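What follows is a set of notes on a single structure, which appears directly below.
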Amino acid sequence: MTLLSNNTLASLAGKLPLPAYRLAPQQPGIGIVHLGPGAFFRGHQAYYTDLALQHGGDWAISAVSMRSPDVSQALTPQDGLYTLAVLDSDTRYQVIGSVQEVLIASERYQSVLARLSDAATRYVTLTITEKGYCLNAQGELDLQHPQIQQDLSGGQPAVTAIGLLVAALAARYAKNVAPFCVLSCDNLTDNGHKLRRALIGFAAQKAPALANWLEQQLISPCTMVDSITPATDAALRAQVAGVLGVNDNWPIKREAFVQWVIEDILPAERPAWQQAGVIYAADVSAFEKAKLRLLNAPHSTLAYIGYLLGYETVYDAMQDKTLLNLLQQMVQQEIMPSFTAPAELDIQQYSQAIFARFENPAIRHLLAQIAWDGSQKMPMRILPVIRDNLAAGRSISKLSFCLAAWFLFIRRRLAEGQPLVDPLASSLTAAASTCRGEAQHDVARFLAIEAVFGTELPKQDTFSQAVTAAYQQLTTLVSEQPVARGVV
Numbered sequence: 036m037t038l039l040s041n042n043t044l045a046s047l048a049g050k051l052p053l054p055a056y057r058l059a060p061q062q063p064g065i066g067i068v069h070l071g072p073g074a075f076f077r078g079h080q081a082y083y084t085d086l087a088l089q090h091g092g093d094w095a096i097s098a099v100s101m102r103s104p105d106v107s108q109a110l111t112p113q114d115g116l117y118t119l120a121v122l123d124s125d126t127r128y129q130v131i132g133s134v135q136e137v138l139i140a141s142e143r144y145q146s147v148l149a150r151l152s153d154a155a156t157r158y159v160t161l162t163i164t165e166k167g168y169c170l171n172a173q174g175e176l177d178l179q180h181p182q183i184q185q186d187l188s189g190g191q192p193a194v195t196a197i198g199l200l201v202a203a204l205a206a207r208y209a210k211n212v213a214p215f216c217v218l219s220c221d222n223l224t225d226n227g228h229k230l231r232r233a234l235i236g237f238a239a240q241k242a243p244a245l246a247n248w249l250e251q252q253l254i255s256p257c258t259m260v261d262s263i264t265p266a267t268d269a270a271l272r273a274q275v276a277g278v279l280g281v282n283d284n285w286p287i288k289r290e291a292f293v294q295w296v297i298e299d300i301l302p303a304e305r306p307a308w309q310q311a312g313v314i315y316a317a318d319v320s321a322f323e324k325a326k327l328r329l330l331n332a333p334h335s336t337l338a339y340i341g342y343l344l345g346y347e348t349v350y351d352a353m354q355d356k357t358l359l360n361l362l363q364q365m366v367q368q369e370i371m372p373s374f375t376a377p378a379e380l381d382i383q384q385y386s387q388a389i390f391a392r393f394e395n396p397a398i399r400h401l402l403a404q405i406a407w408d409g410s411q412k413m414p415m416r417i418l419p420v421i422r423d424n425l426a427a428g429r430s431i432s433k434l435s436f437c438l439a440a441w442f443l444f445i446r447r448r449l450a451e452g453q454p455l456v457d458p459l460a461s462s463l464t465a466a467a468s469t470c471r472g473e474a475q476h477d478v479a480r481f482l483a484i485e486a487v488f489g490t491e492l493p494k495q496d497t498f499s500q501a502v503t504a505a506y507q508q509l510t511t512l513v514s515e516q517p518v519a520r521g522v523v
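According to the numbering used here, the stretch in the sequence shown is residues 36 to 523, in order.
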């Protein structure tokens, strides 16, 4: 069977939506560089840009991997084309054509630098995960980070995204070319502002004049992104080959729901992202808070309790009506009253859409995977809501189940001899190793971890008592698995 490529694209007409601009004699030029071409990028930003390119413009993407050759090896023989499978009640397919090249920075550093410093490159987007920004606990660039120090020493090629981007911006400065607009698309609070400070902070260590130029001219909007993109497997490759009649080395699957909110400070010259469904908003933080509280908080709660009850996937756990009732009460009674929603968002509809996403049978989202990195997620997803509710005298009884379930999840992993995927794994397992099944004793051990809970919150009796009560109830509950009874 032949391979998906520019040469075979026309033969697919009538089978599924195709990037018509790829069939035109004059294909669009590259105007965007993306760092971190993983599955989420290909199901999200590349998808939106594919739709935008239908309206014209030189906005094709040069996708850059810092080190991994996998995406380049898969997509380069396909001219950057790949299939997106949208999983809903019925699966639908389309070929994405917005990625025109895939480069590996560690192998073709000068080519990457040339692409970034080219005046035609007007936007740089990033999905490099939170750790890729090399920030400290205060959200500022960690100048003591070994890789940041390596890049500051002048070694080439740059090994961090921050070092690479500042090198490219320095080249643009030298050529009197305006900075590109840079958009972080990672789940990082206040991502645009943090990225901008990191770039200027790095530049200040190298060349104060460059830092001053960036301070005046660099545009870095905050963004919020959302869509579940499960890993590609052999079944998807076979399924896509059956639909297309050609092989696709690396198709992508994604749920139907997709959202991209961008702070409305972009330059006037921009891709037709708005026509593709992107929301431009004055305050992205309000959307971000809505996502963290209405999606991520119940998602984590579902993951930990569902795992303890013996369920494997989000869909499986959502079939437990008592657990579902707990989540709905937590959202309606404790989460929605905790914040002011953006004017552009109907939070009741948004929450209903989230629960519908959780119940999508086509998405096999593993609870154990969602449970990773709890020490990083609880301070963003659960603790701010608890603090706000405590300050306002509102209930935290349902929210406390998430923390209690997380503690019991850690104990379960330790008892089963399974690894705990978490940056604070040593501290968490140390606390779990001292537990003895007594709620007040066990909860106190976990709440003593200052890196997660700080020093003030554990001192509040209302908080510790609510978590202890939830812990006691869940300890009894999990012994009755797999049927959840008595949560509410």
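By construction, the Cβ of each residue, glycine as well, lies at the ideal position given by its N, Cα and C atoms. Since the model is a prediction, treat every value here as computed from it, not as a measurement.
Beta-carbon spacing of residue i, residue j below 8 Å
i: Tyr328; j: Pro372; result: Here residue 328 turns out to be Arg, not Tyr, going by the sequence shown. Not a contact, by the Cβ cut-off of 8 Å.
i: Met36; j: Ala276; result: yes
i: Tyr506; j: Ala406; result: no
i: Leu116; j: Glu165; result: no
i: Thr336; j: Phe436; result: yes
i: Ile370; j: Ala376; result: no
i: Gln279; j: Leu47; result: This sequence places Leu at residue 279; Gln is not what is there. Their beta carbons are under 8 Å apart, which means Leu279 touches Leu47 by this criterion.
i: Phe215; j: Thr264; result: no
i: Val99; j: Val68; result: yes
i: His7; j: Trp295; result: The requested residue 7 is not part of the displayed model; the chain covers only 36 to 523.
i: Pro104; j: Ile139; result: yes
i: Asn42; j: Arg57; result: no
i: Leu234; j: Val201; result: yes
i: Leu38; j: Gln89; result: no
i: Glu290; j: Arg143; result: no
i: Asp1; j: Pro63; result: The requested residue 1 does not occur in the structure, where the chain is confined to residues 36 to 523.
i: Asp477; j: Phe444; result: no
i: Phe76; j: Thr162; result: yes
i: Pro458; j: Asp408; result: yes
Residue i - DSSP class collapsed to helix/strand/coil
i: His69; result: strand
i: Leu47; result: helix
i: Ser40; result: coil
i: Lys412; result: helix
i: Thr336; result: helix
i: Thr156; result: coil
i: Leu119; result: strand
i: Cys437; result: helix
i: Leu344; result: coil
i: Arg127; result: strand
i: Ser219; result: strand
i: Val134; result: strand
i: Ser100; result: strand
i: Ala205; result: helix
i: Ile417; result: coil
i: Ile139; result: strand
i: Leu53; result: coil
i: Ala95; result: strand
i: Thr511; result: helix
i: Leu178; result: coil
Residue closest to residue i, alpha-carbon to alpha-carbon, out of the options
i: Leu53; options: Arg102, Arg471 and Leu86; result: Leu86
i: Ala338; options: Ser320, Lys326 and Leu358; result: Leu358
i: Tyr83; options: Ser124, Asn282, Ala48 and Ser133; result: Ser133
i: Ile96; options: Gly73, Tyr158, Ala140 and Val106; result: Tyr158
i: Leu176; options: Leu230, Ala59 and Leu138; result: Leu230
i: Cys169; options: Leu161, Phe444, Thr162 and Gln182; result: Gln182
i: Gly345; options: Ala427, Ile389, Val319 and Ala440; result: Ala440
i: Thr497; options: Asn424, Arg480 and Pro419; result: Asn424
i: Leu122; options: His400, Arg446 and Gly472; result: His400
i: Val313; options: Asp299, Lys326 and Ala321; result: Asp299
i: Phe390; options: Asn331, Pro419 and Ala427; result: Asn331
i: Ile398; options: Ala206, Gly227, Thr126 and Leu51; result: Thr126
i: Ser6; options: Tyr385, Glu451 and Thr503; result: Given a span of 36 to 523 for the chain in the structure shown, any question on residue 6 remains unanswerable.
i: His334; options: Arg272, Met415, Gln495 and Leu380; result: Met415
i: Gln404; options: Leu449, Ser461, Val349 and Gln363; result: Val349
i: Leu228; options: Val319, Ser262, Arg143 and Val147; result: The question names Leu, but residue 228 is His in the sequence shown. Selected option, being the one with the closest Cα: Val319.
i: Arg422; options: Arg207, Tyr128 and Ala501; result: Ala501
i: Pro411; options: Arg448, Glu142, Ala172 and Arg150; result: Residue identity check: residue 411 is Gln in the sequence provided, not Pro. Closest option to Gln411, Cα to Cα, is Ala172.
i: Asp101; options: Leu178, Leu199, Ala120 and Gln179; result: For the sequence presented, residue 101 should be read as Met rather than Asp. Nearest of Leu178, Leu199, Ala120 and Gln179 to Met101, Cα basis: Leu199.
i: Ala311; options: Leu44, Ala45, Lys50 and Ala81; result: Ala81
i: Glu323; options: Gln252, Gly472, Phe374 and Thr160; result: Phe374
i: Ala213; options: Arg232, Ser124 and Asp153; result: Asp153
**Request:** Count the CB pairs spanning the segment 217–237 and the segment 254–266 that are closer than 8 Å, and state whether there are at least three.
**Result:** yes
**Asked** Quick one: complete alpha helix (DSSP H) runs, 4+ long, within the segment 253–331?
**Response** 269–279 and 319–326
**Request:** Go through the segment 429–504 residue by residue and report every complete run of the alpha helix (DSSP H) that reaches 4 residues or more, in order.
**Result:** 434–450, 460–468, 474–482 and 485–488
**Prompt:** Taking three-plus beta-carbon pairs below 8 Å as touching, is the segment 458–469 in contact with the segment 479–486?
**Reply:** yes
**Prompt:** Should the segment 103–111 be regarded as contacting the segment 283–295, the criterion being three or more beta carbon pairs within less than 8 Å?
**Reply:** yes
**Message:** Quick check: the segment 119–139 against the segment 70–84, are at least 3 beta-carbon pairs closer than 8 Å?
**Reply:** yes
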